[in-house]
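Trainee: Sharing a structure, written as structure tokens. Questions coming.
Numbering (the numbering used here), first residue to last: 54 to 286.
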């Protein structure tokens, strides 16, 4: 039994199964987090400026099958997000489709998905990876830098039967949220701009595991060492 939170612009006492949008990170479902401060931030930054609500729930995980993308590696997470959100650039789409084929996890039979949260402005990080401008270590670093946090996604109808509303409260847009979020986004944009400049002008070659490398050299994630190994080994 855990406590989870959902940032919104209204009170949601009964989350509705299949009541969301299909083009979110993990598809149509209900997105929550164990971190109340994150839900407060998401509510004020992404909700209605006039009314931002944090909904608090009790989630009973007993009997639920959980897919933790943090245990599958960042390639699995990228593939999952790309398969649901798509991409804005054709070149990224071509690479993304292949990455999905190789690394998207099979989540049939799972009730809950855990993993990073990628809001609309951070999809540029994913696309930069697909275009071989950054490696997987840098993807993780940039998402950590942005403090987007992890989310718990209710996927199956069974999962919706395991969540119970506790209370809701209204929050206001605090300058600390706004300023810290804007700073994080500026830092990410600055990094990506400098990287693009290094590639195009200086001929910089991105080291490590890039999208191209991951496609040409199929990898498997070793959770014990927290890294990837060649699938043929």
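By construction, the Cβ of each residue, glycine as well, lies at the ideal position given by its N, Cα and C atoms.
Which whole-angstrom value is the C-beta distance of residue 169 and residue 203, which I expect to be below 8 Å?
Mentor: Contact flag correct, Cβ pair sits at about 6 Å.
Trainee: Could you tell me the boundaries of the alpha helix (DSSP H) in which residue 177 lies?
Mentor: Its alpha helix (DSSP H) spans residues 176-183.
Trainee: Determine, using beta carbons only, whether residue 117 and residue 165 come nearer to each other than 8 Å.
Mentor: Going by C-beta atoms, residue 117 is nearer than 8 Å to residue 165.
Trainee: Decide yes or no for the touch test of the segment 61-77 against the segment 211-224: beta carbon pairs closer than 8 Å, at least 3 of them.
Mentor: Short answer: they touch.
Trainee: Report yes or no: do three or more beta-carbon pairs, one from the segment 251-264 and one from the segment 176-191, lie closer than 8 Å?
Mentor: With a cut-off of 8 Å, the segment 176-191 and the segment 251-264 count as touching, because enough Cβ pairs lie within range.
Trainee: Which residue or residues does DSSP assign as beta-bridge partners of residue 241?
Mentor: None, per the DSSP bridge assignment.
Trainee: Would you mind reading off the limits of the beta strand (DSSP E) that contains residue 168?
Mentor: Per DSSP, residue 168 belongs to the beta strand (DSSP E) from 165-169.
Trainee: Please report the distance separating the alpha-carbon of residue 265 from that of residue 184.
Mentor: So the alpha carbons of these two residues sit roughly 8 Å apart.
Trainee: Determine, using beta carbons only, whether residue 97 and residue 224 come nearer to each other than 8 Å.
Mentor: Going by C-beta atoms, residue 97 is nearer than 8 Å to residue 224.
Trainee: Whole angstroms are fine: how far does the CA of residue 90 sit from the CA of residue 60?
Mentor: Computed Cα separation, rounded: 10 Å.
Trainee: Of the choices 276, 115 and 92, whose alpha-carbon is the least far from that of residue 106?
Mentor: The option with the nearest alpha carbon to residue 106 is 92.
Trainee: Given a threshold of 16 other Cβ atoms within 10 Å of its Cβ, counted over all protein chains shown, does residue 271 qualify as buried or as exposed?
Mentor: Per the 10 Å Cβ criterion, exposed.
Trainee: On the three-state DSSP scale, how would you describe residue 258?
Mentor: Here residue 258 sits in coil by DSSP.
Trainee: Take the Cβ of residue 149 as the centre, count every other Cβ of all protein chains shown within 10 Å, and call the residue buried at 16 or more, exposed below.
Mentor: Buried, because 16 or more other Cβ atoms sit within 10 Å of the Cβ of residue 149.
Trainee: If residue 180 sits next to residue 140, beta carbons under 8 Å apart, how far is it from one beta carbon to the other, in whole angstroms?
Mentor: The pair is a contact, with the Cβ atoms about 6 Å apart (cut-off 8 Å).
Trainee: Suppose you measure from the CA of residue 108 to the CA of residue 237; what does that come to, to the nearest Å?
Mentor: Whole-angstrom Cα-Cα distance: 25 Å.
Trainee: According to the Cβ coordinates, are residue 128 and residue 284 closer than 8 Å?
Mentor: For residue 128 and residue 284, no; Cβs fall outside 8 Å.
Trainee: To the nearest whole angstrom, what separates the beta carbons of residue 77 and residue 84, a pair I think is in contact under 8 Å?
Mentor: Residue 77 to residue 84, Cβ: 7 Å. Contact.
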